[in-house]
Each structure stands twice: as structure tokens, then as C-alpha cells.
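Here the structure comes first, spelled out in C-alpha cells, and everything after it is commentary.
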Amino acid sequence: MSGVSENRNIVLGITGSIAAYKAAELARLFVSRGYTVRTIMTQSAQEFITPLTLQSVTGNVVMTDFWESAQPQNIEHIEIADWAHAIVVAPATADLVARMAHGLADTPLLATLLATRAPIVLAPAMNVNMFEHAATQENITVLRKRGIHFVDPEEGALACGWNGTGRLADPWEIFYNVRRYLAKGDMTGKRVLISTGPTREPIDPVRFISNRSSGKMGVALAQEAFVRGADVTLVHGPVSVKKVPDSVRRIPVTTAVEMHAAVLQEYGAEPYDVVIMAAAVADYRPKYVAEDKIKRREFKDRIEMVENPDILLDLGKQRKDSKRPVLVGFAVETGEIDELLEQARDKMKRKQTDLIIGNFASDAFDLDTNHVWMLDRTGRQEEVATTFKSRVANRILDAVLRL
Ligand SMILES: Cc1cc2nc3c(=O)[nH]c(=O)nc-3n(C[C@H](O)[C@H](O)[C@H](O)COP(=O)(O)O)c2cc1C
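For the sequence shown, our numbering gives the first residue as 367, with consecutive numbering after it.
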């Protein structure tokens with residue numbers, strides 16, 4: 367992925383839990399983002415999902431047995447342990463956690479986990495009582511002390527019929543956490559505040575004014591800043607943030623006035639290093655919100671508009687002449703490139719931002735890709751040709767780190 371240096375060899379360990387089928391989705395996520403994945407399955411895991419599934423998804427032979435492929439010139443579990451940039455076991459059974467805590471090595475997966483120097487991430491999945499059992503909890507504590515990372519299970523309805531903590535974390539959650547351990551962490555310790563999505567300005571109980579922003583650009587910025595080690599807060603309008611890692615703090619808002627209040631309150635409360643305003647905030651809102659549904663024939667006479675507060679302008683004013691936090695804005699236009707660049711430059715000056723990201727509505731709205739121009743206060747101008755928003759996000763974060 368451009369802009370962020372990340373190691374790319376993943377070993378995926380799968381153990382005997384009902385959640386084993388979700389491992390195929392996790393493997394697919396890594397493969398679709400260009401990682402090379404090699405899988406090791408326990409004997410029990412093969413009762414739940416076949417090696418053929420993982421072989422098909424990853425394009426690599428699955429390791430299941432010590433002895434079948436044993437060759438004197440190639441000790442496979444050592445070779446794979448050395449090859450890995452990270453090992454993730456998802457799902458990890460109570461049994462795997464216990465055996466690992468004791469340093470056992472009687473299966474290919476356990477031997478590889480013992481032999482590797484790569485970071486290890488375990489995503490446990492089990493019945494709530496198995497998870498909460500003192501034995502499991504003590505084993506987890508021992509492993510944490512040894513530097514093993516965990517992506518904690520979720521709370522909810524479990525396949526075994528119980529309710530509680532024990533459900534395998536969402537594959538996206540595991541994906542972003544593993545990537546955080548793989549990346550070089552050039553934003554570690556940095557506090558980043560991001561806004562994203564549209565706002566909704568109510569007219570009456572059934573109608574609102576909004577725009578086509580999907581929030582995907584800001585979500586990508588939050589995901590990638592998290593991967594690079596940052597501490598992220600995301601203020602978002604009504605968009606899906608399901609794929610945002612759990613440790614990103616989310617503040618949901620609806621209207622521009624609410625977004626303004628939430629962003630300025632955060633700005634005043636925490637010493638942020640970077641503030642990126644990617645939300646498409648409505649410039650105007652209806653002056654009055656009708657209590658009852660407005661009748662069709664009354665509609666055009668009833669809507670009077672008033673201007674919304676300007677979040678970026680107020681942030682720029684509050685920051686005064688200080689260079690911190692780095693302030694980033696977005697400018698979306700339709701029309702010609704010259705106009706876009708002029709508008710972007712003008713916006714950077716008026717709102718006193720350090721960086722402005724210019725993009726066209728037709729390239730940006732509701733798409734997984736974007737095409738942007740980055741202009742910074744030093745006069746530097748850089749074009750990022752159409753690519754995935756995750757890549758655009760990393761280029762923006764690179765530009766932020768240069769300032
Ligand atoms: C239907 C079924 C579902 C199971 N689900 C889990 C589970 O979610 N988590 C767990 O820790 N063990 C679960 N087990 C028990 C493990 O499969 C068992 O402890 C096994 O020895 C684990 O071996 P492994 O860790 O080498 O894969 C389940 C067993 C069965 C029969």
C-alpha cells in the first residue's frame with residue numbers, strides 16, 4: 367500500500383471452534399489487499415472447515431500435519447515461522463490458549479507459534495463460561511505478559527446458545543489490529559481528530575436536507591491512521607462506521623450544528639496533533655423545524671434557510687498562529703481543474719488550514735476510490751491519481767507528517 371511501509375507475509379492459524387468459517391473471510395480480506403497468506407489448521411479445525419476452502423482463498427497449500435510433507439532439507443514449521451511477518455490465530459480455542467501458555471509444540475501450529483519471532487495476535491472464540499473461566503483468563507494473562515497480542519471476543523448471542531463474551535471479533539476488527547502490529551507505527555502516540563459523512567438538516571418529522579457524502583474518505587482516514595499507530599476520534603454524520611476499529615472513538619452526530627459543537631468541544635478538550643475535516647457539512651439549514659409534516663401545497667412557502675456555523679473557519683480562528691495541530695480541510699467542486707485548485711487555495715487561505723485536499727464530486731461521492739490534489743501551506747502541490755480511498759488516506763497522512 368503506497369505511503370505506508372507494511373510487511374506483508376501473514377500466517378493464519380485456525381483452531382477447532384464453530385467460528386472457524388469466519389477465518390476464510392479474514393483470509394480473503396488480507397488476500398484482497400495484497401497480502402500473502404499461508405494457513406495452518408489444527409486437526410479439530412478441519413472438522414469445521416476444509417483446508418481446500420483456505421487453499422482456494424489464499425492460493426497456498428494449507429499446513430495440517432507435521433509428518434506428511436516432512437523433508438530433511440526443509441523443516442516446514444521453522445521455515446513458515448521465519449517467513450511470517452505476523453501470525454494471527456483466528457479463532458483461537460481455549461485449548462490453543464492453554465497449550466500455548468505452557469509452551470507446548472505438539473502440532474504444526476503450536477510449534478510455529480513457539481518458533482517465530484514475528485508478532486502474534488490471538489482472536490479467541492469460545493463459550494462465555496470457557497472464556498471467563500479462571501484457567502482461560504490466567505492463561506491469557508500469562509500470554510499477554512509474554513507480548514502476545516489479543517483481539518478480544520465480542521459480547522452477544524453465541525453459537526452454543528449462551529449469551530455473553532466469547533464471540534469471535536469481527537474479521538474487519540482482526541484485520542485492522544493485525545495491520546497495526548505490522549505497520550511501522552509512524553503515527554504512534556499522535557492524537558487525530560477526523561470528521562466525516564454528510565449532515566442532515568431536518569425540515570419536519572419526515573424530511574431533511576442532506577448531500578451525497580458516504581463518509582468513506584473519512585472512514586478510510588480513521589482506519590489508516592489507526593493502522594499507523596494513532597489515537598483516533600471520529601465525529602461522523604449518519605453513515606456506516608461498522609468497519610472502523612473498535613478502539614477508534616466515535617461521536618455520532620446528525621446536524622451541522624451538532625457536528626460543530628462536537629468538533630469544537632473535542633478540540634478544546636484534548637491536545638490533538640492532527641485535525642482532518644472530511645465531512646460534507648450543510649452550509650444552510652431550515653430556520654424552523656416543523657412539528658408536523660408540512661403539507662404539499664404549503665411546502666414552498668414554509669422553508670426559510672439560515673446559515674450554519676463554519677467548523678473549519680472556527681478551528682482556524684481558535685488555533686490562531688500556532689502550527690499545531692496540523693489542520694486539514696477538504697474542498698469538493700464540480701467543473702474544471704483550474705477552478706478546483708483556485709477554490710482549494712482560496713479555502714486554505716480563508717480558513718487558515720495547513721493542507722487542503724481538492725476533489726471533484728464525481729470522483730469522490732459514494733465511491734471506494736478518489737482522485738485528489740493536495741495543496742499545502744508551503745506551496746507544495748501533489749496529485750494522487752484515482753486509487754482506493756485507503757491509499758489516498760495514506761498519501762494524505764504522509765503529507766500531514768511532512769508538515
Ligand atoms: C461443535 C463444537 C464446537 C466447538 N467450539 C469451540 C469454540 O468455539 N471454542 C473453543 O475454545 N472450543 C470449541 N470446541 C472444543 C474444541 O474443538 C476442542 O477443545 C479441541 O480439542 C480444540 O482443538 P484445537 O485447539 O487443537 O483446535 C468445540 C467443539 C465442538 C465439538
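Beta carbons are placed, not taken as given, at the ideal position from N, Cα and C, and that holds for glycine.
Within the present structure, is the beta-carbon of residue i separated from the nearest heavy atom of ligand 1 by less than 7 angstroms?
i, result
"residue 429", "no"
"residue 536", "no"
"residue 382", "yes"
"residue 586", "no"
"residue 503", "no"
"residue 459", "yes"
"residue 410", "yes"
"residue 416", "no"
"residue 473", "yes"
"residue 523", "no"
"residue 392", "no"
"residue 385", "yes"
"residue 492", "yes"
"residue 480", "no"
"residue 625", "no"
"residue 466", "no"
"residue 488", "no"
"residue 462", "yes"
"residue 671", "no"
"residue 496", "yes"
Is residue i buried or exposed, if buried means 16 or more other CB atoms sit within 10 Å of its CB?
i, result
"residue 594", "buried"
"residue 742", "buried"
"residue 589", "buried"
"residue 525", "exposed"
"residue 347", "Past the edges of the chain, shown from 367 to 769, lies residue 347, and the structure says nothing about it."
"residue 369", "Confidence in residue 369 is poor, its pLDDT being 44 and thus under 50, which makes the residue's placement unreliable; the coordinate value appears in the next sentence. By the neighbour-count rule (16 or more Cβ atoms within 10 Å), residue 369 is buried."
"residue 756", "buried"
"residue 512", "exposed"
"residue 651", "buried"
"residue 556", "buried"
"residue 367", "The pLDDT assigned to residue 367 is 44, lower than 50, so where the model puts this residue is not dependable; a value taken from the coordinates is nonetheless given after this. So residue 367 ends up on the buried side."
"residue 537", "buried"
"residue 565", "buried"
"residue 629", "buried"
"residue 654", "exposed"
"residue 736", "buried"
"residue 478", "buried"
"residue 474", "buried"
Verify whether the separation of the beta carbon atoms of residue i and residue j is less than 8 angstroms.
i, j, result
"residue 647", "residue 622", "yes"
"residue 485", "residue 458", "no"
"residue 452", "residue 563", "no"
"residue 769", "residue 720", "yes"
"residue 643", "residue 561", "yes"
"residue 624", "residue 599", "no"
"residue 408", "residue 424", "no"
"residue 717", "residue 695", "yes"
"residue 516", "residue 546", "no"
"residue 693", "residue 681", "yes"
"residue 410", "residue 379", "no"
"residue 392", "residue 540", "yes"
"residue 762", "residue 587", "yes"
"residue 376", "residue 401", "yes"
"residue 519", "residue 527", "no"
"residue 543", "residue 487", "yes"
"residue 585", "residue 610", "yes"
"residue 334", "residue 548", "In the structure as shown, the chain begins at 367 and stops at 769. Residue 334 is therefore absent and cannot be evaluated."
"residue 750", "residue 766", "no"
Give a yes or no on whether 8 angstroms exceeds the smallest Cβ distance from residue i to chain D.
i, result
"residue 682", "In the structure shown, chain D cannot be found, because there is only a single protein chain."
Checklist line | Segments of 3+ residues assigned as beta strand (DSSP E) that fall wholly inside the region 386 to 474 | finding: Qualifying beta strand (DSSP E) stretches, in chain order: 402 to 407 and 452 to 458.
Item checked: Inside the region 607 to 643 only - alpha helix (DSSP H) runs reaching at least 4 residues -> Complete alpha helix (DSSP H) runs here, min 4: 622 to 635.
Next item on the list: Report the residue ranges of all alpha helix (DSSP H) runs contained in full by the region 566 to 597; include only those spanning at least 4 residues, in chain order.
Entry: Within the region 566 to 597, the complete alpha helix (DSSP H) runs of at least 4 residues are 582 to 593.
Margin query: Quick check for students: name the residue ranges of the beta strand (DSSP E) that lie wholly in the region 719 to 758, counting only runs of 3 or more.
Written below: Those beta strand (DSSP E) runs which fall completely within the region 719 to 758 and span 3+ residues are 721 to 726, 735 to 742 and 747 to 754.
Notebook entry, point to check: Below 8 angstroms, can you find three or more Cβ-Cβ pairs linking the region 600 to 615 to the region 560 to 579?
Noted result: The region 600 to 615 is in contact with the region 560 to 579.
Notebook entry, point to check: Taking contact to mean at least 3 C-beta pairs separated by less than 8 angstroms, is the region 725 to 733 in contact with the region 611 to 631?
Noted result: No, because fewer than three Cβ pairs between the region 725 to 733 and the region 611 to 631 fall closer than 8 angstroms, the two stretches do not touch.
Note to self: Between the region 415 to 425 and the region 473 to 485, can you find at least three pairs of beta-carbon atoms closer than 8 angstroms?
What the structure shows: In short, these stretches do not touch, since the Cβ pair count stays below three.
Item checked: contact_flag[the region 498 to 509, the region 459 to 468] where n(CB pairs < 8 angstroms) is 3 or more -> The region 498 to 509 is in contact with the region 459 to 468.
Notebook entry, point to check: How do the region 673 to 680 and the region 701 to 709 stand: do at least 3 beta-carbon pairs fall below 8 angstroms, yes or no?
Noted result: Contact between the region 673 to 680 and the region 701 to 709 is absent: fewer than 3 CB-CB pairs across the two stretches fall below 8 angstroms.
Next item on the list: Go through the region 520 to 551 residue by residue and report every complete run of the beta strand (DSSP E) that reaches 3 residues or more, in order.
Entry: Listed in chain order, they are 520 to 523 and 529 to 533.
Check: Just checking, does the region 676 to 696 make contact with the region 655 to 665 on the three C-beta pairs under 8 angstroms criterion?
Finding: Segments in contact, no.
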